[in-house]
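Report on the structure given below.
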Amino acid sequence: MRPSYDFLVVGAGLYGATFARHCRDAGKKVLVVDKREHVAGNCYDVVTEGIPVAKYGPHFFHCPDKGTWDFVNRFSAFNDVRAKPRVNYQGRIFSFPINLMTLHQLWGVCTPAEAEQKLAEVRLDIPRPKNFEDFILSRVGREIYEVFFEGYTTKQWGRHPSQLPAAIAKRIPVRLTFDENYFPDTHVYQGVPVGGYTRMFDNMLDGIEVQLGVDYLKERQRLSKMAKTILYTGPLDALYKCRHGKLEYRSLRFETERKQGDFQGTTVVNYTDVNVPFTRITEWKHKFKIDAEHTFVTREFPAEYEDTGEAYYPINNDLNTALHRKYRQMADADGMLVGGRAADYQYYDMNMVIPAATRLAERVLGVGRGTFGV
Ligand code: FAD
Ligand code: UDP
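Heads up: take any position in the sequence shown, counting from 1, add 4, and you land on our numbering.
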């Protein structure tokens, strides 16, 4: 049987959809499959009583480059909502990420100079911090570590911050200004798609054949014959039946509730006390700027990957990184294209996924960098 498609894309998430779009735009025949019953991967949301409610947690789009921004704007209009979570620690509300307002709320300091002086007093002298805990202690001292990071991180990752790489802590800025924006200033393009992400993905995949509820690993033989080239965006260990061991991921469980009125006055509140079983609450109508009398809120409960089967977060320690490299070499040797947050085993945000998938598409299509405007 001759393959009837140029590309089989396994996974209708952002990586797979971006790659598929470029291939289709280049005139290729593409089949996208996803084991879930929906497109959009972890960005998936369902408009419920007028409010897009996400199934897999809050997603704020942010990117530094106009190419990526123009690309997503082809498929949806965006509002200007930026991630500005608050922290609730034992009933006290703080501005977050750590900024001058947070330090004012905590210590009463009013200026960058006062804040810097106080931080200089409390920072621990750890010359080359290798883990999450040491990195935060060396940056902002023990009190901030305990109020904002230790409990949340222990819950989120199911292990103590001293057992986690510093790279995770580096995601969170510390600023001595009143800038409360979660993402860096250099990410000048920020917002969320008006009407939700699923509609944006439907537009991205317009004109491309998509089959849902199809698990590539369960029908590998049949599906592999259908295309000349395969892109796989799921966990790599599963591709090889975990023959060299299991890659560790951290997972989540979500509980959504319908309420009346305004539940928390903002989109995201992080609960940093270790005794609160969830990490954050998202109130969807604020994210999409929807004025409604009812509301939906979702609590995120950290969970073991083995219990949910959903690989949300890679745990990038040395052991896992080495194991991932081994599986990656096997995939390369088999001529299988791989990419995305789970397959690359990288803590990608969406702004990293689109350029990564675009670079791969350029390479396999044999076109120059920038062909697709990203
Ligand atoms: P996914 O979205 O996971 O898509 C992969 C798809 O492959 C899935 O649909 C899966 O079902 C499918 N698949 C896997 N295996 C198979 C198989 N065997 N057969 C068929 N299909 C298969 N990024 C931001 O930029 N801003 C944010 O605010 C943000 N918040 C986040 C919050 C949470 C809770 C999480 C988990 C992630 C967040 N991200 C955020 C990251 C963002 O979700 C990812 O960068 C992006 O969705 C990754 O896209 P992907 O295509 O690689 O993976
Ligand atoms: N984090 C924390 N306290 C917070 C928010 C984040 O300790 O209030 C830590 C935690 O370890 C988390 C990491 O910082 O996993 C990265 O946070 P981010 O908000 O980027 O996580 P994501 O949105 O990807 O779940």
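Glycine included, every Cβ here is placed at the ideal spot set by N, Cα and C.
When you compare each of the options to residue i by their alpha carbons, which one comes out closest?
i, options, result
"residue 119", "275, 200 and 103", "103"
"residue 293", "83, 373 and 27", "83"
"residue 267", "283, 252 and 299", "299"
"residue 221", "244, 90 and 325", "244"
"residue 94", "65, 71, 151 and 73", "151"
"residue 66", "197, 334 and 96", "197"
"residue 55", "315, 74 and 263", "263"
"residue 238", "308, 202, 34 and 348", "348"
"residue 269", "297, 46 and 335", "297"
"residue 4", "200, 111, 160 and 214", "Past the edges of the chain, shown from 5 to 378, lies residue 4, and the structure says nothing about it."
Does the beta carbon of residue i fall short of 7 Å from some heavy atom of ligand 2?
i, result
"residue 111", "no"
"residue 161", "yes"
"residue 85", "no"
"residue 153", "yes"
"residue 276", "yes"
"residue 156", "yes"
Determine the direct distance from the alpha carbon of residue j to that of residue i, and round the result to whole angstroms.
i, j, result
"residue 254", "residue 317", "5 Å"
"residue 129", "residue 121", "15 Å"
"residue 207", "residue 344", "20 Å"
"residue 15", "residue 142", "40 Å"
"residue 147", "residue 25", "48 Å"
"residue 123", "residue 171", "21 Å"
"residue 64", "residue 50", "16 Å"
"residue 78", "residue 360", "18 Å"
"residue 92", "residue 135", "25 Å"
"residue 305", "residue 162", "11 Å"
"residue 117", "residue 180", "8 Å"
"residue 265", "residue 289", "10 Å"
"residue 178", "residue 10", "47 Å"
"residue 327", "residue 53", "45 Å"
Using a beta-carbon distance below 8 Å, is residue i in contact with chain D?
i, result
"residue 245", "Among the chains of the structure shown, chain D does not appear; only one protein chain is present."
Would the C-beta of residue i count as close to ligand 1, meaning under 7 Å from any of its heavy atoms?
i, result
"residue 46", "yes"
"residue 354", "yes"
"residue 221", "yes"
"residue 254", "no"
"residue 237", "yes"
"residue 19", "yes"
- Query: Counting pairs of beta carbons, one from the segment 18 to 35 and one from the segment 184 to 195, are three or more of them closer than 8 Å?
  - Reply: no
- Query: Is the number of C-beta pairs between the segment 210 to 221 and the segment 321 to 329 that are closer than 8 Å three or more?
  - Reply: no
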